[in-house]
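With mature numbering (1 follows the signal peptide of the UniProt record, and there is no 0) applied, the sequence shown corresponds to residues -23 to -1, 1 to 295, in that order.
Cβ coordinates follow ideal geometry from the N, Cα and C atoms, glycine included.
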Amino acid sequence: MSANKLSISLLLCLIGAASGGSANKLRPDFYNLQCPLALQIIKEEVTTALRKEPTMGLAFFSLHFTDCFVQGCDASILLKDTQNFTGEQSAVPDAGSTNGTDIIEKIKGRLEELCPGVVSCADIVAVAARDSVVAQGGPSWNVRLGRRDSTTANISAVSTDLPSPFMNLSELLATFGKKNFTAKEMVAFTGVHTVGFVRCLFFRTRIYNESNIDPSFARSLQEKCPFVGGDDNLAPLDRSTPTLFDNAYYKNLLVKKGLLHSDQELYNGGSTDSIVEFYASNALRFRRDFPNTAIKMGNFGPLTGTHGQIRKQCSKVN
């Protein structure tokens, strides 16, 4: 190679290194040489946690989702408040939605002992999300790795970028649309609500004030979620198979048994009705389409290269 060609190649490499994070730099085998047991350790801890506490069924995926939708998949959601810093966990939409952070921190501790400074918290969250779905009978996918951790958080973006359980269909479409999700991708992605439990605070208004809900379903929920008090009482998003990743979520919507207002909005006489009907009758297509939406989300704004850092503890910057 000539000196001129060598200098051009070097310049291109330097430009690439300084250009910021890119999903194209992520790859499934990122830790194969640096920390070959990383994925096995994450799977062990996630599987054990779900076995001990089945209500955590949605916790790990929710962390990944909340992280990626706000500032990209950079583990900013894991940063705890300090005297001089307010993290995303303090934002109202995230209240009670950061269950599982202790398990992520435990995983991080094990990996730091094994491979210090190698595996990022952002990647741990991404893999844990996948493993939690698989542990509950759901489909698997190759998680692309190589993310780095942020040193900042964006509390204001939590309110503007995250979909809310109180949103109507047009608001949901707009929020997911900002992340380049199609309507079909949004409905497939929301199918993750086939597992997990939600606090009374987030479905009380629906079971007492809305009409597009099965009356007996509403009454049964009112026993767990009183009109006043009991905000932290839990109810399953899918009452039929709450710890099994299947397509029952969509079947529930067809009979007005969506737990959250935003859930039932997907099947309420709007443009996504036919998509819900499709997944309600095509479990295999749901299992095929859901991983693609998870992969797409995992590519949101990762920090790579020399950007960000590999935190020693997920809850604070180095």
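message: Measuring alpha carbon to alpha carbon, tell me which residue in I184, T25, R125 and E89 is nearest A112.
response: Counting from one through the sequence shown, the residue named residue 112 turns up at place 135. From the listed residues I184, T25, R125 and E89, the smallest Cα separation to A112 is found for T25.
message: Could you tell me the alpha carbon to alpha carbon distance between D206 and F255, rounded to whole angstroms?
response: As a working note, residue 206 is residue 229 in the sequence shown. As a working note, residue 255 is residue 278 in the sequence shown. According to the sequence displayed, residue 206 carries Gly and not Asp. So the two alpha carbons sit approximately 38 Å from each other.
task: Identify whether K83 lies in helix, strand or coil by the three-state DSSP scheme.
output: The sequence position of residue 83 within the sequence shown is 106, counting from 1. Reduced to three states, the DSSP call for K83 is helix.
task: Measure from the alpha carbon of K161 to the alpha carbon of each residue in L236, V253 and D44, then state which is nearest.
output: By one-based count along the sequence shown, residue 161 stands at place 184. Looking at L236, V253 and D44, the one whose alpha-carbon comes closest to that of K161 is V253.
message: Per the DSSP calculation, Q290 is bridged to which residue(s)?
response: Translated into the one-based positions of the sequence shown, residue 290 becomes position 313. Its beta-bridge partners are K293.
field: Cα-Cα separation, S74 to L10
entry: Working through the sequence shown from its first residue, we reach residue 74 at position 97. Working through the sequence shown from its first residue, we reach residue 10 at position 33. Residue placement at S74 is poorly supported in this model, since its pLDDT is 48, which falls under 50; the coordinates still yield a value, given next. Computed Cα separation, rounded: 34 Å.
Span separating the alpha-carbon of K20 from that of I54: Here residue 20 refers to the residue found at position 43 of the sequence shown. Here residue 54 refers to the residue found at position 77 of the sequence shown. So the alpha carbons of these two residues sit roughly 21 Å apart.
- prompt: Considering only C-alpha positions, which residue in the set V102, Q199, K289 and A165 is nearest to F38?
  reply: Locating residue 38 in the sequence shown gives position 61, where the first residue counts as 1. Here the closest residue by C-alpha is V102.
Collapsed DSSP secondary structure at D126 in the structure displayed: As a first step, residue 126 is located in the sequence shown; it is residue number 149 there, counting from the start. Residue state, collapsed to three classes: strand.
- prompt: Are the stretch 119 to 137 and the stretch 75 to 90 touching, with three or more C-beta to C-beta distances below 8 Å?
  reply: no
- prompt: So L211 is in the beta strand (DSSP E); what residue range does that whole segment cover?
  reply: Counting from 1 along the sequence shown, the entry for residue 211 is found at position 234. Looking at the DSSP string, the run of the beta strand (DSSP E) that includes L211 is L211 to P213.
- request: Would you identify the three-state DSSP class for V175, choosing helix, strand or coil?
  value: Here the question's residue 175 lines up with position 198 in the sequence shown. Correct three-state label for V175: strand.
query: How many Å lie between L280 and D126 at the Cα?
result: The residue labelled residue 280 in the question sits at position 303 within the sequence shown. The residue labelled residue 126 in the question sits at position 149 within the sequence shown. Each residue's Cα considered, the two are about 7 Å apart.
message: Quick check on the DSSP output: what are the complete alpha helix (DSSP H) runs of length 4 or more inside the stretch 16 to 47, in order along the chain?
response: 36 to 46
- request: Just list the beta strand (DSSP E) runs in the stretch 131 to 214, keeping only unbroken ones of 3 residues or longer that don't cross its boundaries, in chain order.
  value: 174 to 176 and 211 to 213
task: Would you decide whether N295 is buried or exposed? Buried here means 16 or more other CB atoms lie within 10 Å of its CB.
output: Counting from one through the sequence shown, the residue named residue 295 turns up at place 318. Under this definition N295 is an exposed residue.
query: Apart from the five residues just before and just after T220, which ones in its own chain have a Cβ nearer than 7 Å to its Cβ?
result: The sequence position of residue 220 within the sequence shown is 243, counting from 1. P31, G34, Q113 and V172.
query: What are the residues that DSSP puts in a beta bridge with L261?
result: Counted from its first residue, the sequence shown places residue 261 at position 284. For L261, which the question treats as bridged, DSSP gives no partner whatsoever.
Residue range of the unbroken alpha helix (DSSP H) whose run includes Y226: Numbered from 1 along the sequence shown, position 249 holds the residue referred to as residue 226. Run containing Y226: A225 to L231, per the alpha helix (DSSP H) assignment.
task: Grab me the residues of Y185's own chain with a C-beta within less than 8 Å of its C-beta, minus the 5 sequence neighbours each way, in chain order.
output: As a first step, residue 185 is located in the sequence shown; it is residue number 208 there, counting from the start. Excluding sequence positions up to five before and after Y185, its CB lies within less than 8 Å of the CB of A195, Q199 and F204, all in the same chain and listed in chain order.
- prompt: Grouping DSSP H, G and I as helix and E and B as strand, with all else coil, what is T270?
  reply: Counted from its first residue, the sequence shown places residue 270 at position 293. T270 falls in the helix class under three-state DSSP.
Buried/exposed call for K228, threshold 16 Cβ in 10 Å: Counting from 1 along the sequence shown, the entry for residue 228 is found at position 251. By the neighbour-count rule (16 or more Cβ atoms within 10 Å), K228 is buried.
message: Please identify the residue among G278, V47 and G77 whose C-alpha is closest to the C-alpha of G64.
response: Looking up residue 64 in the sequence shown gives position 87. Distance from the Cα of G64 is smallest, within the candidate group G278, V47 and G77, for V47.
task: Quick one: give me the first and last residue of the alpha helix (DSSP H) that D108 is part of.
output: Counting from one through the sequence shown, the residue named residue 108 turns up at place 131. First-last of the alpha helix (DSSP H) with D108: C98 to A112.
field: Residue environment, K(-19), which counts as buried when at least 16 other CB atoms sit within 10 Å
entry: The sequence position of residue -19 within the sequence shown is 5, counting from 1. At K(-19), the pLDDT of 40 sits below 50, so the modelled position is not reliable and the matter cannot be decided from this model.
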